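Residue numbers (our numbering): 19 to 267.
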Ligand code: SF4
């Protein structure tokens, strides 16, 4: 089910910065015309306070743009939002391409309020052609592992899955995570990426599910439960087109 937030594993989202996001990932949905010019109007502090007062749930920070752009260094807006949400009854999931800054700046908050630090991992290698300004994948993985060693809960978004052939190797490398999301590349045509990964998804994702459950002992689910995984609906749609010819387990 897609929650009230529009994110399948969350009840609420709080976006801190408006698009365009300085990391400039070419697969990002916020490059689509309907998102590109969104400007967040109300105060982010007010938005966080509003969410904090809602019934207990899962909150994702941030949805429309990365919560740790360079301007966070002098504005500290994300830090203020996390201070509010951290004190609430919610489970808080932060998603950023820059877990280095998240840890250096706000590692204390993640520990104090038991918030989850997450990053999108698109490959085991750097992919500057897709993520020109973001810290590269190996750096993101290294920082997430460090966070895990510090006792911070870690989650990983394998969305968009750009290198499905690496999927099992990625899961092996990322097995320290508490929660893993696997999602397809969407809007490929609108974003002029012209990448057709369906056949690879069809072959590799069902095998990854078996691997997650039988080798890593992950179960379908989502935070606050740990050792859980979630296959996004768009990915299921792709797989289910081929159900008559595929055995998943
Ligand atoms: S970091 Fe996230 S929000 Fe920013 S461009 Fe990349 S995918 Fe989009």
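Built from N, CA and C at the ideal position, the CB exists for glycine as well. These numbers come from a predicted model, not from an experiment.
(request) To the nearest angstrom, report how far apart residue 212 and residue 45 are at their CA atoms. (result) Start at 1 with the first residue of the chain shown, and residue 212 comes out as number 194. Start at 1 with the first residue of the chain shown, and residue 45 comes out as number 27. Distance between the alpha carbons of residue 212 and residue 45: 11 Å.
(request) Identify every run of the beta strand (DSSP E) within the segment 70 to 106, keeping only runs that are complete inside it and at least 3 residues long; order them along the chain. (result) Scanning the segment 70 to 106 for uninterrupted beta strand (DSSP E) segments of 3 residues or longer gives 76 to 79, listed from N- to C-terminal end.
(request) Kindly provide the chain-ordered list of residues whose Cβ lies closer than 6 Å to any non-hydrogen atom of the ligand SF4. (result) This criterion selects 39, 41, 42, 43, 46, 48, 83, 84, 115 and 152.
(request) Give me the Cα-Cα distance between residue 36 and residue 241, rounded to the nearest whole angstrom. (result) Position 18 of the chain shown, counted from the first residue, corresponds to residue 36. Position 223 of the chain shown, counted from the first residue, corresponds to residue 241. The C-alpha of residue 36 lies about 26 Å from the C-alpha of residue 241.
(request) Buried or exposed for residue 155, please, with buried defined as at least 16 other CB atoms from any protein chain shown within 10 angstroms of its CB. (result) As a working note, residue 155 is residue 137 in the chain shown. Buried is the label assigned to residue 155, since at least 16 other Cβ atoms lie within 10 Å of its Cβ.
(request) For residue 141, I'd like the list of residues in its chain whose CB is within less than 8 Å of its CB, leaving aside the five on either flank, ordered along the chain. (result) To locate residue 141, count along the chain shown from 1; it is residue 123. Its chain contains 155, 180, 181, 184 and 188 as the residues whose beta carbon lies nearer than 8 Å to that of residue 141, once the 5 sequence neighbours on both sides are disregarded; these appear in chain order.
(request) Under 6 Å Cβ to Cβ from residue 197, same chain only, skipping five residues before and after it: list those, please. (result) If you number the chain shown from 1, residue 197 lands on position 179. These residues qualify, in order along the chain: 173, 241 and 246.
(message) Taking 6 Å as the limit between beta carbons, can you name the residues of its chain near residue 27, skipping five residues before and five after?
(response) Residue 27 sits at position 9 when you count from the first residue of the chain shown. Around residue 27: 240 and 248.
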